[in-house]
Amino acid sequence: MAARAARLSRFNLVSLTLGLAFLYLPIVIMVIYSFNDSRLVTVWGGWSLRWYRELLQDEAMLAAAWMSLKVALASATAAAVFGTLAAVALSRAGHFRGWTLFSGMLYAPLVMPEVITGLSLLLLFVALNAERGFWTVTIAHTTLTMCFVAVVVQSRLHALDRSVEEAAMDLGCGPVEAFLQATVPLIWPAIAAGWMLAFALSLDDLVIASFTTGPGSATLPIRIYSEIRLGVKPQINAVCTLIIAVVALAIVLASLASKLSRAKADSAAPM
Amino acid sequence: MSGARRIFTRPARLAVIAPYLWLVLFFLVPFGFVVKISLSQSAIAQPPYVPVFDLAAGWDALAAAFAALSLDNFRLLISDNLYVLSYLRSLTVAAVSTAILLLIGYPIAYAMARLPRGWQPFAMMLVIVPFWTSFLIRIYAWINILQHDGLLNQTLLALHLVSAPLVWLSTDTAMYIGIVYSYLPFMVLPLYATLAKLPQALNEAAADLGCSPRRAFWLVTFPLSLPGIGAGVLLCFIPIVGEFVIPDLLAGSASLMIGQTLWLEFFTNRDWPVASAIAVVLLGVLLLPLLIYERLQRRQLEGER
């Protein structure tokens, strides 16, 4: 380990520092400026909560935030269920017929340009004559985010020792029971992490939501996007800072949950 | 053990049914509709295209609808320079951005893999956190910095590096900054995953055999990290080709990427058939890298088993 640390050359250190600075500096600057009292975004006028107060009175923004939250809760939950089922199938079912198509469909949305996914879903909804709004956005987000859940849960299933499951079956459990009693408690944090990733992705999505939503049910990113296009407003800094705070909280909770359960898993089944 | 494994596959195969049906209905079938509408004519109606398949009208109506399909939209894509240039620009922007991402991302991933073991999860988390915060927010943060009286110009003026504010916003430079910034985690994470797995002993062996560290890197580490490079390049290249939001907010309006052209045809011109035709061609262009990516994924999975 000491040998490893010694290998971190000055070049490594500089590139890591610069890389992290590049990633974080713009965000930090924006958070600071969300507390700026000045009406001009770029002139510092002292600390204030003024833009947060104004945000609370912006009803269109609040309605959009509520819509986004509902969609994110519903689609993340559905994505956690479908994604976990898909991960179990991929890692436990062996090579079934249609495996290639299934894994292809599961990985393709991860890289597919969002305009194509959004356009195709909209054309489906129009052809089905479905009224666009909460449900269509939720379905679209579930389709996209279940793939991310599947990847997260599958990597945990891969790392898992199968002997716990097999021991449960030797002790008389059926395969389904063994899975529910022995495996699910161990992959639970991965499912939770997948859920939170799906939640964050849904909260974040602009392109697919733009295609699949109807008039009067804009999500938060759609709202923010149209505000940005109209010109920079200090309020947007405040919205963005709040979103960052929510996401940061979710990440801390997720990593705590995963650490807890890993400790639990290690003590239950030394790997 | 293998007996237990076999018993287990059956319920696991049942588990596949729900996600399989979902993906067929909401991922595969929609592409069928894109293809179908790309062959239709645009119309001033709701929905804005003809023919519309009316299943209730019976077989004759359906056959007539099929007969009305045409390749006109695709002919338009080839004949109009605007579309050809959009595709070319998208591919160029994606190629340049991916190259920059690789140049910036590799040293970061390499340094992360060289960190003491205990620090690595923390460094990984630091790279992932911005990926979890909205990309729209991160683009907006850059608008704050790059605008005319933004922080970048203020800093440059204060340091007397420039005498007048430079134009950053609505330029290709701004667009590349935004793209590289947004996609950096997609490049760093697969590279790090590959580099962290390489046994340290290989480099030590190379050193014992008289390799300088630099030579050891090019002869041992770099070739072994090629799968990670492949995954990172494709994870960035494919979505950047279809990118819409970043060029829309940061690049000038002079030349459009194909994602913006599709968006304009769809929302502004309301020409759904042409938008669909753009999507079909784009999908065709991207299918090759997608297939390569799928192959890489499978090889990686098989390597782990």
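In order, the protein sequence lines correspond to chains A and B. If you use UniProt numbering, the first sequence corresponds to residues 1 to 271, in order. If you use UniProt numbering, the second sequence corresponds to residues 1 to 305, in order. Note that beta-carbon positions come from the ideal geometry of N, C-alpha and C, so glycine has one too.
Does DSSP put residue i in a helix, a strand or coil?
i: residue 317 (chain B); result: This structure cannot speak to residue 317 (chain B), because chain B is shown only from 1 to 305.
i: Trp195 (chain A); result: helix
i: Trp66 (chain A); result: helix
i: Trp44 (chain A); result: coil
i: Asn129 (chain A); result: coil
i: Asn81 (chain B); result: helix
i: Asn36 (chain A); result: strand
i: Ala5 (chain A); result: Residue confidence for Ala5 (chain A) is low, a pLDDT of 42 falling below 50, so the modelled location carries little weight; the figure read from the coordinates is stated next. Helix.
i: Ser2 (chain B); result: Note that Ser2 (chain B) scores a pLDDT of 49, beneath 50, so its modelled location is shaky; the value from the coordinates is reported in the next line. Three-state result, Ser2 (chain B): helix.
i: Ile251 (chain A); result: helix
Quick one: is residue i buried, meaning 16 or more other Cβ sit within 10 Å of its Cβ, or exposed?
i: Ser15 (chain A); result: buried
i: Lys36 (chain B); result: buried
i: Glu302 (chain B); result: exposed
i: Ala89 (chain A); result: buried
i: Leu71 (chain B); result: exposed
i: Gln235 (chain A); result: buried
i: Phe11 (chain A); result: exposed
i: Gly150 (chain B); result: buried
i: Asp208 (chain B); result: exposed
i: Tyr24 (chain A); result: exposed
i: residue 277 (chain A); result: The structure shown does not extend to residue 277 (chain A), since chain A is modelled only from 1 through 271, so no value can be given for it.
i: Met125 (chain B); result: exposed
i: Phe122 (chain B); result: exposed
i: Gln200 (chain B); result: exposed
i: Thr241 (chain A); result: buried
i: Ala6 (chain A); result: Note that Ala6 (chain A) has pLDDT 46, beneath the 50 cutoff, so the model's placement of it is unreliable and no number is given.
i: Arg295 (chain B); result: exposed
i: Leu122 (chain A); result: buried
i: Ala87 (chain A); result: buried
i: Arg215 (chain B); result: exposed
i: Phe26 (chain B); result: buried
i: Phe102 (chain A); result: buried
i: Pro116 (chain B); result: exposed
i: Ser75 (chain A); result: buried
Measure how close the beta-carbons of residue i and residue j come, nearest whole angstrom, since I'm counting them as under 8 Å.
i: Leu197 (chain A); j: Val152 (chain A); result: 6 Å
i: Gly83 (chain A); j: Val149 (chain A); result: 3 Å
i: Arg160 (chain A); j: Ala111 (chain B); result: Per the sequence presented here, residue 160 (chain A) reads as Leu, with Arg not at that position. In fact, because the Cβ distance is near 30 Å, the residues do not count as touching under 8 Å.
i: Ser38 (chain A); j: Gly45 (chain A); result: 3 Å
i: Asn81 (chain B); j: Ser38 (chain B); result: Contact doesn't hold; Cβ gap of about 20 Å is too wide.
i: Ser86 (chain B); j: Ile258 (chain B); result: 4 Å
i: Ile29 (chain A); j: Ile145 (chain B); result: 7 Å
i: Val241 (chain B); j: Leu206 (chain A); result: Not really, about 18 Å apart at Cβ, beyond 8 Å.
i: Ser134 (chain B); j: Pro189 (chain A); result: That pair is no contact at about 24 Å.
Any heavy atom of the ligand FAD closer than 7 Å to the CB of residue i?
i: Ile108 (chain B); result: Absent from the structure shown: the ligand FAD. Ligands present: none.
Let me know the alpha helix (DSSP H) ranges lying completely inside the region 107 to 174 of chain B, each 4 residues or longer, listed in chain order. 120 to 132, 135 to 146, 151 to 158
Please give me, in chain order, every unbroken run of the alpha helix (DSSP H) with length at least 4 that falls completely inside the region 231 to 263 of chain B. 245 to 250, 258 to 263
On the three-pair Cβ rule with 8 Å, is the region 144 to 158 of chain B touching the region 187 to 195 of chain B? no
Across the region 209 to 216 of chain A and the region 94 to 108 of chain B, are there enough close Cβ pairs to call them in contact, namely three or more that are closer than 8 Å? no
May I ask you to verify whether the region 240 to 255 of chain B touches the region 166 to 179 of chain B, counting CB pairs closer than 8 Å and requiring at least 3? yes
Taking 8 Å as the threshold, find out whether the region 44 to 64 of chain A comes into contact with the region 109 to 119 of chain A through three or more Cβ pairs. no
When the Cβ atoms of the region 136 to 151 of chain A are set against those of the region 60 to 79 of chain A, are three or more pairs found closer than 8 Å? yes
Do three or more CB pairs link the region 62 to 71 of chain A to the region 213 to 227 of chain A at distances below 8 Å? yes
Mind the definition here: the region 86 to 95 of chain B touches the region 230 to 246 of chain B only if three or more C-beta pairs lie below 8 Å; say whether that holds. yes
Pair every Cβ in the region 174 to 185 of chain B with every Cβ in the region 130 to 139 of chain B, then say whether three or more of these pairs are closer than 8 Å. yes
Runs of 4 residues minimum, wholly inside the region 175 to 230 of chain A: which ones carry the alpha helix (DSSP H) assignment? 175 to 178, 184 to 204, 207 to 212, 220 to 230
Are the region 156 to 171 of chain A and the region 179 to 191 of chain A touching by the rule of at least three beta carbon pairs closer than 8 Å? yes
Does the pairing of the region 270 to 283 of chain B with the region 24 to 34 of chain B give three or more beta-carbon distances under 8 Å? yes
Identify every run of the alpha helix (DSSP H) within the region 76 to 137 of chain A, keeping only runs that are complete inside it and at least 4 residues long; order them along the chain. 99 to 111, 114 to 127
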